[in-house]
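Quick notes on the structure that follows.
2 protein chains.
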Amino acid sequence: MSKPKLGYLGTGLMGLPMVLNLLKAGYDVVVWNRTASKADAAVAAGATLADSPADLAAKCDVVMACLTNAAAVEAVLFGENGVASVKGPALFVDFSSMDPELTKTYGARLRAANGMGWIDAPVSGGTPAAEAGTLTIMAGGTEADFAVAEPLMAPIAQRVTLMGPAGAGQMTKLVNQIIAGCTMTIVAEAVNFAKKTGVDATRLTEALAGGFADSKPFQIFGPRMAKETFENPLGTVAMMLKDLDTIAAVGAGKAATPMTEAARSIMRESVNRGRGEADISTLVTTISEDS
Amino acid sequence: MSKPKLGYLGTGLMGLPMVLNLLKAGYDVVVWNRTASKADAAVAAGATLADSPADLAAKCDVVMACLTNAAAVEAVLFGENGVASVKGPALFVDFSSMDPELTKTYGARLRAANGMGWIDAPVSGGTPAAEAGTLTIMAGGTEADFAVAEPLMAPIAQRVTLMGPAGAGQMTKLVNQIIAGCTMTIVAEAVNFAKKTGVDATRLTEALAGGFADSKPFQIFGPRMAKETFENPLGTVAMMLKDLDTIAAVGAGKAATPMTEAARSIMRESVNRGRGEADISTLVTTISEDS
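Chains A and B, in that order, are what the protein sequence lines are. So the first sequence is numbered by our numbering: it starts at 1 and just counts up by one. So the second sequence is numbered by our numbering: it starts at 292 and just counts up by one.
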């Protein structure tokens with residue numbers, strides 16, 4: 001069986017390295033980006049440039065996308081010259097992160113419009129993992145659609161898990177963010193507690209490594225918080241707060257989120273104090289100001 | 292140099308596996324437990340049973356203890372037939388978790404009573420790590436006392452760090468418990484969120500392994516919470532709540548603990564609902580009842 005021809009919408013910080021890894025794996029890839037010049041590096045590496053999402057869809061078997069937000073995904077699907085206007089490609093795989101309810105709506109609308117299948121496949125690991133082809137992908141969709149999508153994700157991911165029907169990938173990303181966002185806030189609280197009670201906070205990461213307190217956020221942000229090193233942000237307070245706001249909205253009346261609420265309130269206070277665009281490690285500053 | 296003869300007070304959930312690992316490493320161990328029958332397994336594995344803490348101290352070079360709380364430690368040290376009434380053993384190593392200020396007091400009182408050195412050495416990792424001999428130990432005490440204690444902890448720990456003078460081990464344990472206790476609560480919140488929003492919670496541990504959400508509490512308690520498997524408690528709600536109460540008391544007016552407060556309130560509610568002695572994984576039940 002020959003390899004399916006792939007389309008990729010959005011060659012930004014995350015999309016470009018994913019396209020490069022697909023090309024390296026021997027796939028033909030057609031690319032499109034709203035600002036066409038941002039696709040230059042993909043074209044230089046062997047990708048074909050499409051004029052519009054519809055033009056791209058007409059040339060492909062499977063269409064992938066990694067876009068900024070739900071509005072951008074809606075535009076490439078259902079806007080002028082959108083993917084939904086073309087009959088032909090079998091499947092849409094969306095690596096963007098967005099509200100799970102919107103995802104389900106888009107999947108259903110697309111299937112009704114042109115019969116395309118849907119996999120929501122938000123990613124975790126950031127640009128380092130996108131470049132290394134070691135993303136963690138949480139997928140939602142039918143088993144039949146997933147069977148088509150799974151091998152295509154092998155060049156870009158170290159782990160792809162089907163979590164349930166359409167929307168389940170986005171919902172799992174929110175579950176991930178509950179834990180990630182709260183853990184960063186807890187590490188800030190713990191580092192401040194150590195400092196205020198005479199424990200050498202710079203020794204914590206080593207002393208607690210491998211135990212119940214250990215995690216990637218602890219190893220990465222703990223030392224930054226202990227030394228108050230906030231340069232070269234690894235992620236901003238505002239970005240994480242946006243995710244916790246989505247979690248609160250999705251959970252409302254459905255799933256209690258008291259820990260997320262506590263973390264969200266500290267992040268909101270951080271934004272109020274002018275640290276929205278600062279590194280997430282500055283949560284330790286906000287907690288420290290409260291005593 | 293022959294191996295020092297060890298005494299071990301308290302052969303409960305944590306103490307028993309530690310004693311078994313010390314015996315396996317070739318140490319002679321004398322044990323004592325308030326309820327003597329709880330020492331049966333240690334005796335069956337080769338330990339000698341003492342009649343009282345004083346009887347145990349008279350037979351040992353180094354006395355270790357892992358007890359429920361400060362009152363229990365105070366009783367074995369300074370109560371009738373307590374360790375402090377015996378001159379002979381060089382060092383007391385306390386694996387119990389308790390208030391750092393009380394620890395300092397006990398260390399000073401013991402040294403004044405019979406000249407014994409003091410290491411506070413609270414542990415992290417729960418019964419799985421106690422059984423595997425891979426506990427994380429945060430120690431407080433003098434460098435001279437630590438030099439005696441450190442090799443004795445090799446059979447039970449993967450990492451032992453001297454964090455400062457007497458009391459610094461307990462304070463670091465509180466820092467550890469801020470993160471561990473809150474993380475368990477967050478994992479409960481995340482698992483409940485997954486269940487209530489149609490995500491297959493039993494796949495979370497695998498799907499998010501190696502990412503920002505991953506941790507030992509996530510790997511150990513996540514699957515128990517997802518499957519509602521609460522048998523063979525790995526740690527009770529009441530035990531963790533006790534630690535968070537201490538954190539709140541020590542932090543009061545000194546270090547803000549908003550995340551700990553949120554977790555504490557959920558644990559207190561769990562106790563109110565009759566799950567104080569249940570596995571910590573039952574936090575998912577409490578959160579689930581709140582929606």
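Think of the CB as a built atom: it goes at the ideal place given N, C-alpha and C, for glycine as much as any other residue. Here the structure is a predicted model, which means the values were calculated and not measured.
* Asked: Taking the alpha-carbon positions, what's the B/V451 to A/G107 distance?
  -> Along the second sequence, read from residue 1 onward, the residue named residue 451 of chain B stands at position 160. Along the first sequence, read from residue 1 onward, the residue named residue 107 of chain A stands at position 107. Looking at the two C-alpha atoms, the distance is approximately 53 angstroms.
* Use the C-beta contact count for A/L234: other C-beta atoms within 10 angstroms, 16 or more gives buried, fewer gives exposed. => Position 234 of the first sequence, counting from 1, holds the residue named residue 234 of chain A. By the 10 Å Cβ count, A/L234 comes out exposed.
* Partner residues on chain B for A/G198, Cβ-Cβ distance less than 8 angstroms -> By 1-based counting over the first sequence, the position of residue 198 of chain A is 198. Using a Cβ-Cβ cut-off of 8 angstroms, A/G198 is close to G455, A459, M462 of chain B, given in chain order.
* beta strand (DSSP E) runs wholly inside the segment 427–482 of chain B, at least 3 long, in chain order -> 448–455
* Should B/T339 be flagged as near chain A, meaning a C-beta pair shorter than 9 angstroms? -> In the second sequence, the residue the question calls residue 339 of chain B occupies position 48. No, its Cβ sits nowhere closer than 9 angstroms to a Cβ of chain A.
* Asked: Would you report the Cα separation of B/M475 and B/K464, rounded to the nearest angstrom?
  -> Your numbering for residue 475 of chain B matches position 184 in the second sequence. Your numbering for residue 464 of chain B matches position 173 in the second sequence. Rounded to the nearest angstrom, the two C-alpha atoms are 16 angstroms apart.
* Have a look at B/I469 and A/K216 and give me their C-alpha separation to the nearest angstrom. => Reading the second sequence from its first residue, position 178 is the one you call residue 469 of chain B. Reading the first sequence from its first residue, position 216 is the one you call residue 216 of chain A. Taking the straight line from one Cα to the other gives about 16 angstroms.
* Would the C-beta of A/M64 count as close to the ligand SAM, meaning under 8 angstroms from any of its heavy atoms? -> The model depicted lacks the ligand SAM and carries no ligand whatsoever.
* Asked: Taking Cβ-Cβ distances below 7 angstroms as the criterion, which residues of the segment 61–74 of chain A are in contact with chain B?
  -> none
* To do: For A/A147, return the contacting residues in chain B, with the cut-off set at a CB-CB distance below 9 angstroms.
  => Within the first sequence, numbered from 1, the residue matching residue 147 of chain A stands at position 147. What A/A147 touches in chain B: nothing, since even the nearest Cβ is about 17 angstroms away.
* Provide the residue span of the alpha helix (DSSP H) that contains B/F512, from first to last. => Counted from its first residue, the second sequence places residue 512 of chain B at position 221. That run of the alpha helix (DSSP H) goes 507–518.
* **CB of A/G10 within 9 angstroms of CB of A/S85, strictly** => What you label residue 10 of chain A is simply residue 10 of the first sequence in a count that begins at 1. What you label residue 85 of chain A is simply residue 85 of the first sequence in a count that begins at 1. In this structure, A/S85 does not lie closer than 9 angstroms to A/G10 by Cβ.
* Asked: Which same chain residues, not among the five before or five after B/A457, have their C-beta less than 7 angstroms away from its C-beta?
  -> The count along the second sequence starts at 1 and reaches residue 457 of chain B at position 166. Within the same chain, B/A457 has close Cβ partners T394, K395, G398, W409, D411, G431, G432.
* To do: Say whether chain A places a C-beta atom closer than 9 angstroms to the C-beta of B/T420.
  => Numbered from 1 along the second sequence, position 129 holds the residue referred to as residue 420 of chain B. Here residue 420 of chain B turns out to be Ala, not Thr, going by the sequence shown. By this cut-off, B/A420 is an interface position.
* **Beta-carbon gap between A/M14 and A/P100 smaller than 9 angstroms** => By 1-based counting over the first sequence, the position of residue 14 of chain A is 14. By 1-based counting over the first sequence, the position of residue 100 of chain A is 100. No, the Cβ-Cβ distance between A/M14 and A/P100 is not below 9 angstroms.
* The beta strand (DSSP E) spanning A/M239 covers which residue range? -> Numbered from 1 along the first sequence, position 239 holds the residue referred to as residue 239 of chain A. Per DSSP, A/M239 belongs to no beta strand (DSSP E); it is in the alpha helix (DSSP H), 237–251.
* **Interface partners of A/A262 on chain B, CB under 8 angstroms** => Working through the first sequence from its first residue, we reach residue 262 of chain A at position 262. Ordered by position in chain B, the residues that pass the 8 angstroms Cβ test against A/A262 are P549, M550, E552, A553.
* Does any residue of chain B bring its CB to less than 9 angstroms from the CB of A/R203? -> The residue labelled residue 203 of chain A in the question sits at position 203 within the first sequence. Closer than 9 angstroms: yes.
* To do: Tell whether a beta-carbon distance below 9 angstroms holds between A/I266 and A/T257.
  => Counted from its first residue, the first sequence places residue 266 of chain A at position 266. Counted from its first residue, the first sequence places residue 257 of chain A at position 257. In this structure, A/I266 sits away from A/T257, with a CB-CB distance that is not shorter than 9 angstroms.
* Residues of chain A with CB under 9 angstroms from B/D534, in chain order? -> The residue you call residue 534 of chain B lines up with position 243 of the second sequence. Ordered by position in chain A, no residue passes the 9 angstroms Cβ test against B/D534, which lies about 11 angstroms from the chain.
* So A/A188 packs on A/M225, CB below 8 angstroms; how close in whole Å? -> Within the first sequence, the letter at position 188 stands for residue 188 of chain A. Within the first sequence, the letter at position 225 stands for residue 225 of chain A. The pair is a contact, with the Cβ atoms about 6 angstroms apart (cut-off 8 angstroms).
* Given that a residue counts as buried once 16 or more other Cβ atoms are within 10 Å of its Cβ, and exposed if not, what is A/T127? -> Counting from one through the first sequence, the residue named residue 127 of chain A turns up at place 127. By the neighbour-count rule (16 or more Cβ atoms within 10 Å), A/T127 is not buried but exposed.
* **Opposing strand residues paired with B/V353 [DSSP bridges]** => For this step, residue 353 of chain B is matched to residue 62 along the second sequence. According to DSSP, which records beta bridges pairwise, B/V353 is partnered with B/L297, B/L382.
* Which chain A residues are close to B/G544, counting only those with a beta carbon under 8 angstroms from its beta carbon? -> Taking the first residue of the second sequence as position 1, residue 544 of chain B is located at position 253. Near B/G544 (Cβ distances below 8 angstroms), the residues of chain A are S291.
* How far does the beta strand (DSSP E) with A/V86 in it reach, from first residue to last? -> For the purposes of this step, residue 86 of chain A is identified with residue 86 of the first sequence, where counting begins at 1. Run containing A/V86: none; DSSP gives neither H nor E here.
* Asked: According to DSSP, what are the bridge partners of A/T48?
  -> Walking along the first sequence from the start, residue 48 of chain A turns up at place 48. Partner(s): A/V30.
* Mind checking who A/V123 pairs with in its DSSP beta bridge? => On the first sequence, position 123 is the one that residue 123 of chain A refers to. In the DSSP output, where bridge partners are listed per residue, A/V123 has A/I137.
* **Own chain residues within Cβ distance below 6 angstroms of B/A363, not counting five before or after** => For the purposes of this step, residue 363 of chain B is taken as residue 72 along the second sequence, with counting starting at 1. Nothing listed; no residue qualifies.
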